[in-house]
Amino acid sequence: MDRQLHTHRRRPLCAGRNLKARAAALVTGVLTMMAAAAGHSREVTIAVASNFTVPMQAIVARYEARSQQRIQLVFGSSGKIYAQIRNGAPFDAFFSADQEKPARLIDEGLAEPDSRITYAEGRLALWSRHNNLPENIQVLLKTSQFDKLALANPKLAPYGTAAQQVLHNLQLDARTRTRWVQGENISQTYQFVASGNADLGFVALSQIMRDGEIVAGSAWVVPQSLHTPVRQDAVILTRAVDNTVLADFWRYMQEAEVATLLASYGYARSQAVTPSREEGPHAE
Amino acid sequence: MLSESDLGAIWLTLRLATTVTVLLLLLGTPLALWLARTRSVMRGPVSALVALPLVLPPTVLGFYLLVFMGPDGPMGKLTEALGLGTLPFTFWGLVIASLLYSLPFVVQPIQNAIEAQGQQHAEVAATLRAGPWDTFWHVTLPLARPGIITAAVLGFAHTVGEFGVVLMIGGNIPGETRVVSVQIYDHVEALEYTQAHWLSAAMVGFSFAVLLLLYLLQHRNAARGLRYGV
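Respectively, the protein sequence lines represent chains A and B. For the first sequence, numbering that gives the first Met the number 0 gives the first residue as 0, with consecutive numbering after it. For the second sequence, numbering that gives the first Met the number 0 gives the first residue as 0, with consecutive numbering after it.
So, in structure tokens, the structure goes:
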């Protein structure tokens with residue numbers, strides 16, 4: 000061991016000149032990269048909650064095609080993005096998975112109060128990889144003919160909170176609790192079911208729906224009356240208040256084209272401005 | 000301060016790390032001995048396999064374990080056939096994942112310690128009519144003691160600090176799979192920064208204490224500093 004340490008120490012000394020040349024190349028490389036980054040700094044960067052990854056990519060692709068502007072997307076969990084913004088992350092806007100974090104950013108003076116929009120309302124689905132999910136879901140949950148029930152952590156994810164409310168309203172939470180496995184977000188919850196490690200799981204309808212169809216397995220689309228709406232808000236951050244591209248993108252987000260696109264991914268039309276009364280309990 | 004669920008997570012983490020350390024010492028010591036002494040062509044590939052978790056991101060390990068131990072995976076099929084069910088979301092699933100993840104931290108220090116002894120002690124023991132088993136228990140192992148202590152401490156500490164793998168296969172079940180690192184992550188994501196601070200500070204204090212203890216032990220043993228290896 001000692002011998003090895005000595006040889007390690009000696010080697011860089013012999014190769015001194017080579018090392019200098021390498022260091023110079025490294026510095027040049029880093030400087031070039033920094034210059035390139037600075038050149039792109041006018042580009043808009045939007046941080047997006049990971050549950051909205053796929054629809055957001057589709058929306059931005061359409062927007063870029065028609066406006067010739069570039070928008071850079073950063074994905075992560077809402078809690079992480081919130082912490083990063085508070086610590087100076089260079090984001091211009093934030094699409095959260097809930098309403099609480101954008102509201103907090105406004106309170107803290109980090110986001111523009113006027114910019115806040117409810118861009119989507121998530122729908123919840125109880126999903127299985129198998130095609131034989133019975134009609135009467137309550138009977139299935141009562142008979143406990145399943146091993147694990149996946150849901151997002153209710154403490155962290157709005158979809159988890161909604162799932163817990165559904166179980167509570169069906170009076171099934173105490174009965175099923177021992178079978179819960181919690182993903183730290185809705186993507187992980189989806190993965191637990193998709194990999195077959197959980198038989199059933201409460202996922203976002205947007206994860207299993209493309210062009211208005213359930214893509215795999217079978218699902219029970221949970222009636223919206225069984226939980227409080229999963230409303231998702233977006234805000235423009237204070238540093239980007241004068242950004243014209245972002246202002247234009249904000250107008251685009253509220254156009255009918257986007258609403259149609261969101262519906263095809265299983266998002267309900269946002270009802271934030273004029274909240275309508277909930278439908279009856281057996282609307283689905 | 001620390002809540003009841005924080006304490007539960009700490010207790011679970013200690014239980015997991017202890018189980019994993021004991022199992023790794025039992026499995027890792029023969030493996031390290033073989034790696035230190037063998038001239039087989041398999042030495043290279045096996046060494047590389049052992050070191051793999053040092054390089055791989057924990058998410059890669061976690062993802063493959065989720066698939067491998069799941070109902071469609073080979074191990075999942077085996078455990079189901081044995082009537083054990085599948086391993087993700089269970090304590091023993093975490094144990095198996097941690098065994099893989101912490102393997103190099105246990106095998107490599109022991110292997111280095113055995114290699115550093117050379118063959119002479121064993122040869123001398125043989126001339127005094129000691130059998131291979133006798134030599135192993137009374138010569139090789141005692142001489143490798145500093146390496147084994149390092150291995151135990153590193154294996155334990157590394158299991159305590161594990162996060163990515165647990166996040167992928169744990170399922171966040173209180174008392175079963177919600178370890179300290181996941182609990183801290185939950186606190187941060189839920190914007191409970193004060194609670195995250197308390198638990199994180201406890202982790203920093205614990206880690207420092209463990210490494211200090213290791214340093215003092217090594218220092219007393221051989222007047223050496225803390226080293227990864229011998």
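Glycine is no exception: its CB is placed at the ideal position from the N, C-alpha and C atoms.
- Rounded to the nearest angstrom, the gap between the Cα atoms of Val45(B) and Ala121(B) is 24 Å.
- With the criterion set as a beta carbon lying under 8 Å from some beta carbon of chain A, the members of the segment 178-198 of chain B are Val181, Tyr184, Asp185, Val187, Glu188, Ala189, Leu190, in sequence order.
- In the structure shown, the three-state DSSP call for Leu127(B) is coil.
- Interface residue (Cβ-Cβ distance to chain B less than 9 Å): Gly87(A) is not classified as such.
- Of all residues in the segment 68-99 of chain B, the ones placed with a Cβ closer than 7 Å to any Cβ belonging to chain A are Gly69, Pro70, Asp71, Thr85, Pro87, Phe88, in chain order.
- According to DSSP, residue pairing for Thr117(A) in a beta bridge involves Asp232(A).
- Scanning its chain for C-beta atoms nearer than 6 Å, with the 5 sequence neighbours on each side dropped, one finds around Phe67(B) the residues Met74, in chain order.
- In the DSSP assignment, Trp136(B) falls outside any alpha helix (DSSP H), carrying neither H nor E.
- For Met167(B), a Cβ of chain A is located within less than 9 Å of the residue's own Cβ.
- Interface annotation, Gly170(B): in contact with chain A, CB-CB separation under 9 Å.
- Residue pairing by DSSP places Thr44(A) opposite Gln71(A) in a beta bridge.
- When secondary structure is reduced to three states using DSSP, Gly200(A) falls in the strand class.
- In the DSSP assignment, no residue is bridged to Gly92(B).
- Around Val192(A), no beta-carbon contact reaches into chain B at under 7 Å, the shortest distance being about 11 Å.
- Nearest C-alpha to Leu204(A) among Tyr266(A), Gly78(A), Lys100(A): Tyr266(A).
- Using a Cβ-Cβ cut-off of 9 Å, Ala149(A) counts as an interface residue toward chain B, since at least one Cβ of chain B sits closer than that to its own.
- Identification of chain B residues near Gln163(A) by a Cβ-Cβ cut-off of 7 Å yields none; the smallest Cβ-Cβ distance measures about 14 Å.
- For Gly108(A), the closest C-alpha among the options Asp97(A), Leu261(A), Arg238(A), Pro133(A) is that of Arg238(A).
- Met41(B) counts as exposed, since fewer than 16 other C-beta atoms from the protein chains shown sit within 10 angstroms of its C-beta.
- When CB distances to chain A are screened at a threshold of 9 Å, not a single residue of the segment 200-217 of chain B falls below it.
- Short of 6 Å from the beta carbon of Val105(B), and not among the five residues preceding or following it, lie these beta carbons of its own chain, in chain order: Leu23, Gly27, Ala150, Gly154.
- Comparing alpha-carbon positions, the option among Pro57(B), Val179(B), Ala47(B) lying closest to Glu3(B) turns out to be Val179(B).
- What Leu65(B) touches in chain A, judged by beta-carbon distance under 7 Å, is Ser194, Asn196, going in chain order.
- Per the Cβ contact rule, the segment 162-177 of chain B is not in contact with the segment 121-134 of chain B (fewer than 3 Cβ pairs under 8 Å).
- Taking Gln190(A) as reference, the option from Ala151(A), Trp219(A), Ala162(A) with the minimal CA-CA separation is Ala151(A).
- Ser101(B) sits in a helix when the DSSP states are folded into three classes.
- One Cα belongs to Glu256(A), the other to Ala119(A), and the distance between them is close to 13 Å.
- Nearest C-alpha to Arg250(A) among Asp113(A), Gly78(A), Leu72(A): Asp113(A).
- In this structure, the CA atom of Ala112(B) is about 28 Å from the CA atom of Thr12(B).
- About 5 Å separates the beta carbon of Gly69(B) from that of Asn196(A), a gap short enough to meet the 8 Å contact definition.
- For Leu171(A), the nearest beta carbon of chain B is not closer than 9 Å to its own beta carbon.
- By the beta-carbon neighbour count (other beta carbons within 10 angstroms, threshold 16), Arg65(A) is exposed.
- For Gly163(B), the CB contacts under 6 Å within the same chain, skipping 5 residues up- and downstream, are Pro57, Thr58, Gly61 in chain order.
- For the options Thr188(A), Gly216(A), Asn184(A), Leu225(A), the alpha carbon positioned closest to that of Leu166(A) is the one of Leu225(A).
- Bounds of the alpha helix (DSSP H) holding Gly61(B) are 57-68.
- As for any alpha helix (DSSP H) of minimum length 4 sitting wholly inside the segment 120-175 of chain A, the runs are 136-142, 157-168, 172-175, ordered along the chain.
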